[in-house]
Amino acid sequence: MNNILQLKGKFYQRKNTSGFGPVNLPRDSSVTRDHVEKLRKQLQGLEMRWENDHTIGGALVSVHYKRIVPKSSRLQILLGEKNRHPNLSIRGAKFVDGVDEENRVVKKHVFTYFISMEALHKSIEMLKKCEQILLTYPQNTITDKDTNLINAGKYNDSIMKKSTFLKVIVDVNFVEEFALDHADEQIKEQSIVTIYKTGIQTKDLLERLGMNVLNIKMIDETTLCLDQRDIEILQNNVSYLIAMHVRDFSKIVLDESGRKTVDGVISIPDPGNEPVIGVIDTQFDENVYFYKWVEYTNCLSSDIPLDSNDFFHGTAVSSIIVDGPSFNHKLQDHCGRFRVRHFGVATARRFSSFAVLKMIRDIVCQNRDIKVWNLSLGSAMEINPNFISPEAAELDRIQCEYDVIFIVAGTNRGKQNYESVRLGAPADSLNSLVVNAVDFQGNPASYTRKGPILSFFYKPDICYYGGDGNERITVCEPLGMATVCGTSFAAPWIARKMAYLIHIVGLSREVAKALIIDSAAAWNRRDTGRFTMGYGIVPIKIEDITHSPDDEIRFIMSGSIDEYETYTYNIPVPQNMDAYPFWAKATLAYFPRCDRNQGVDYTSTEMDLHFGRIMEKDGKAAIKPIDNNKQADEGIQSIYEEDARRLYRKWDNIKHISETLKAGARPRKAYSAGSWGLSIKTKERLATKAGRGLQFGVVITLKEMNGVNRIDDFIKLC
């Protein structure tokens with residue numbers, strides 16, 4: 011087998027020098043005066059409504075688009091405050107089902123804006139002037155050809171400035187309607203509720219509504235833990251303010267298929283300086299044989315009684331991390347043993363999401379030496395397709411702030427929630443490595459739940475053996491050895507591998523995550539549309555992750571984003587008879603900042619991956635991507651946003667691109683540059699340059715078409 015190589019050459023940085031060009035309608039599109047008039051009347055109706063309601067110190071406006079739109083197609087001038095871009099007024103985003111011009115069912119974007127009354131009135135006036143101008147066009151309709159003529163100088167600006175008129179026209183072209191959306195689901199029990207951020211402080215708003223602020227728990231400025239009485243006050247008075255909600259008390263999804271105890275006595279040496287993995291779970295029984303390897307803290311109040319059932323799950327999870335291969339010989343991963351710092355944050359019964367959120371942040375903050383955390387607790391309730399759960403959002407924030415990674419179980423279906431098909435919180439955490447389970451034949455387990463999250467993001471990430479039917483995972487519980495199954499017992503095996511890569515091999519979390527996902531995907535990725543197995547099954551042996559077959563060259567690269575483009579054009583791939591006899595694949599991983607208040611547009615930074623041969627294009631060096639990625643080459647109108655997300659995983663924090671292995675494939679042409687290149691182009695949703703300094707990890711694999719080992723040639727070229 012070949013070792014994985016780490017390339018430490020220099021990445022170059024380049025600012026985005028291309029401008030946006032003139033403001034034009036998209037090709038073959040048009041805007042009618044009737045459509046502008048309809049939108050103007052809708053805004054006038056909202057203006058009248060908010061003039062009589064000063065509760066939030068401004069106006070909420072929901073903008074319904076005709077389709078899923080990129081950042082460049084959001085409002086550019088309408089609903090904008092003075093000297094501020096409209097994007098800064100967005101308070102939420104979601105998808106709704108609708109129909110397009112051809113009567114096909116499609117997903118559509120809805121953004122909720124909070125603006126001043128002045129901005130609302132100004133937008134109405136702009137639409138009025140726009141209507142006047144459209145009266146001068148044939149059939150009161152302006153087309154893309156007309157906007158080209160305007161940019162060429164054919165325009166009378168006596169009514170409205172040219173730039174303003176064109177921006178308004180382009181804005182209304184993408185908008186279907188303006189409205190005020192209300193929460194359409196009645197909340198009937200204690201819940202965690204997120205409200206839109208408005209012009210009034212949350213505490214002042216709650217007091218205006220007659221709530222007792224001292225009795226309300228707040229996760230952050232807009233996320234509250236409310237009882238049924240306070241929720242009724244919100245729903246009856248300001249239902250338009252409810253952005254999202256989730257029940258606070260969740261039922262942990264544990265193995266419900268019954269345990270089978272097995273005989274056996276195992277001994278273990280005393281711990282040394284082995285790496286430490288953090289476990290956040292139910293309680294731990296300190297009477298088990300490996301107790302010296304576990305530092306246990308009960309984080310619950312002493313007023314909460316514990317019974318024997320509260321110790322089974324947590325003890326079993328920690329047993330796998332410490333010594334799993336000793337009693338699961340066919341899962342021998344050669345990672346060794348790990349010490350565990352175990353925090354009991356829940357019982358085996360219901361638990362408060364609010365309480366767990368607070369505990370997890372404090373635990374991670376106080377244990378900064380731990381880089382890998384295992385979280386095998388999950389909710390029986392399904393995630394909402396339009397927003398991230400509070401638990402997942404908190405995990406994502408913690409991972410950004412503390413340079414750690416959570417390994418999260420993908421949650422199970424059981425007897426009590428068999429119809430719950432979608433993942434349960436916190437398995438919708440985007441930055442976490444989410445693990446589903448397969449049986450020992452490599453098929454999705456019978457208790458499998460599936461993604462995606464936010465209607466788009468690929469979750470789970472990977473899968474591993476969690477047992478099923480008569481073939482189960484052996485664990486150590488308070489009463490001795492037992493056999494169990496569930497995603498709870500697949501995740502700890504991945505935590506072991508992640509800790510090995512970070513602490514033993516010395517990789518960053520970004521590279522380690524990319525390496526695990528890349529090894530799972532292999533060359534024959536199976537689950538591309540069912541969202542049950544993620545990118546695939548992670549190999550059992552760690553050497554199958556840290557090494558590659560003799561006919562493969564695998565290398566890793568890492569860096570940070572400081573400008574629009576981060577690139578290298580000098581990756582020296584071996585040639586044979588002036589051609590490259592390789593198939594190629596690449597996996598990119600990074601941990602973007604996320605904003606739960608942005609709804610479905612959750613991630614703030616996009617890294618667009620380009621990898622392939624260097625060729626000459628228009629007199630300049632350019633990459634010919636292995637996946638034919640043209641997002642950055644042909645302008646913003648060349649591909650619809652939904653296609654960019656589907657084909658190139660735009661805005662996802664994992665990018666995996668791979669060529670298909672085909673019999674009789676021919677070597678790739680070697681261009682005059684004689685090298686390959688890697689380019690990462692960065693886009694931001696909100697603040698410009700907000701993602702600067704963000705770390706990334708890339709794993710690249712080259713597979714020789716004829717089975718020849720060319721790694722020595724590659725090393726010499728490097």
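The opening position of the sequence shown corresponds to residue 11 in this note's numbering, with each subsequent residue numbered one higher. By construction, the Cβ of each residue, glycine as well, lies at the ideal position given by its N, Cα and C atoms.
Host alpha helix (DSSP H) of residue i (start-end)
i	result
Ile179	172 to 184
Thr157	154 to 161
Asn247	238 to 248
Leu49	43 to 61
When the options are compared against residue i, the one with the closest alpha-carbon
i	options	result
Ala199	Tyr468, Val256, Thr174	The question names Ala, but residue 199 in the sequence shown is Glu. Comparing Cα-Cα distances from Glu199 to each of Tyr468, Val256, Thr174, the minimum goes to Val256.
Phe565	Ala522, Asp605, Thr542, Arg535	Ala522
Leu387	Arg378, Val33, Cys375, Arg360	Arg360
Cys473	Arg459, Tyr301, Ser465	Arg459
Lys92	Ala129, Gly102, Val418, Leu385	Ala129
Met617	Pro635, Arg659, Asn384	Arg659
Glu553	Asn183, Ser529, Ser570	Ser529
Glu135	Ile380, Ile87, His119, Asn638	Ile87
Ser168	Leu159, Val180, Thr146	Thr146
Val448	Ile152, Gly479, Val431, Arg432	Gly479
Leu712	Glu694, Trp686, Ile690	Trp686
Ser99	Lys117, Ile78, Val71, Ser82	Val71
Arg239	Ser201, Val350, Arg349	Ser201
Arg94	Ser126, Glu112, Phe337, Asp372	Ser126
Lys368	Cys345, Asp343, Pro400	Pro400
Gly629	Asp637, Ile636, Ser682	Ser682
Asn446	Arg540, Glu404, Lys425, Asn396	Arg540
Lys634	Val298, Asp317, Gly684	Gly684
Val203	Val355, Leu234, Leu216, Ile179	Leu234
Residue burial classification, residue i (beta-carbon count within 10 angstroms, cutoff 16)
i	result
Leu244	buried
Met254	buried
Trp533	exposed
His339	exposed
Leu176	buried
Gln293	buried
Val41	buried
Thr698	exposed
Lys469	buried
Met170	buried
Thr670	exposed
Glu520	buried
Met391	buried
Pro32	exposed
Val718	exposed
Sequence-distant residues of the same chain with beta carbon closer than 7 Å to residue i, five excluded per side
i	result
Met715	Pro591, Phe592, Trp593, Ala675, Pro677
Pro584	Arg720, Asp723, Phe724, Leu727
Arg702	Ile571, Asp572
Lys172	Ile160, Tyr165
Own chain, CB closer than 8 Å to residue i, minus 5 neighbours either side, in chain order
i	result
Val115	Asp107, Gly108, Val109
Glu9	One cannot answer for residue 9 here, as it falls past the ends of the chain, which runs 11 to 728.
Ile210	Thr65, Ile66, Gly67, Arg218
Ala680	Gln585, Asp588, Ala589, Tyr590, Arg623
Lys207	Arg101, Phe124, Glu231, Thr232, Asn607
Val374	Gly288, Ile380, Trp383, Ile408, Tyr412, Val414
Val350	Val286, Ile287, Gly288, Val289, Trp303, Val304, Glu305, Ser328, Ile331, Val332
Lys118	His74, Tyr75, Lys76, Arg77, Ile78, Phe105, Val106, Asp107, Gly108, Glu186
Residue-chain proximity (residue i, chain C), Cβ-Cβ < 8 Å
i	result
Glu651	Of the protein chains in the structure, only one exists, and it is not chain C.
Residue i: first and last residue of the uninterrupted beta strand (DSSP E) it sits in
i	result
Trp303	Counting along the chain, Trp303 falls outside any beta strand (DSSP E), and DSSP gives it neither H nor E.
Tyr412	Where Tyr412 is concerned, there is no enclosing beta strand (DSSP E), although the alpha helix (DSSP H) it sits in stretches over 400 to 412.
Gln23	22 to 24
Thr556	Looking at the DSSP string, Thr556 is not in any beta strand (DSSP E); the run it does join, the alpha helix (DSSP H), is 553 to 556.
Same chain only: Cβ atoms within 6 Å of residue i, ignoring 5 sequence neighbours per side
i	result
Gly268	Note that Gly268 scores a pLDDT of 48, beneath 50, so its modelled location is shaky and nothing firm can be said.
Gly645	Because Gly645 sits at a pLDDT of 45, beneath the cut-off of 50, its placement in the model cannot be relied upon, and the point is left open.
Asn26	Tyr574
Ala524	Thr597, Ala599, Gly707, Val709
Ile197	Ile241, His255
Tyr579	Ile624, Ala631, Gly687
Gly90	Pro96
Glu266	Below a pLDDT of 50, predicted positions are generally treated as unreliable, and Glu266, at 44, falls in that range; the measurement from the model is reported next regardless. The answer, listed in chain order, is Gly424, Lys425.
Whole-Å CB distance - residue i paired with residue j, under 8 Å assumed
i	j	result
Met491	Thr497	Their Cβ separation, rounded to whole angstroms, is 21 Å, which puts Met491 and Thr497 out of contact at 8 Å.
Ala437	Gly420	5 Å
Phe300	Asp333	6 Å
Ala501	Ile417	5 Å
Near the ligand ATP: residue i beta-carbon under 7 Å from a heavy atom
i	result
Leu405	Although the ligand ATP was asked about, the structure shown includes no ligands whatsoever.
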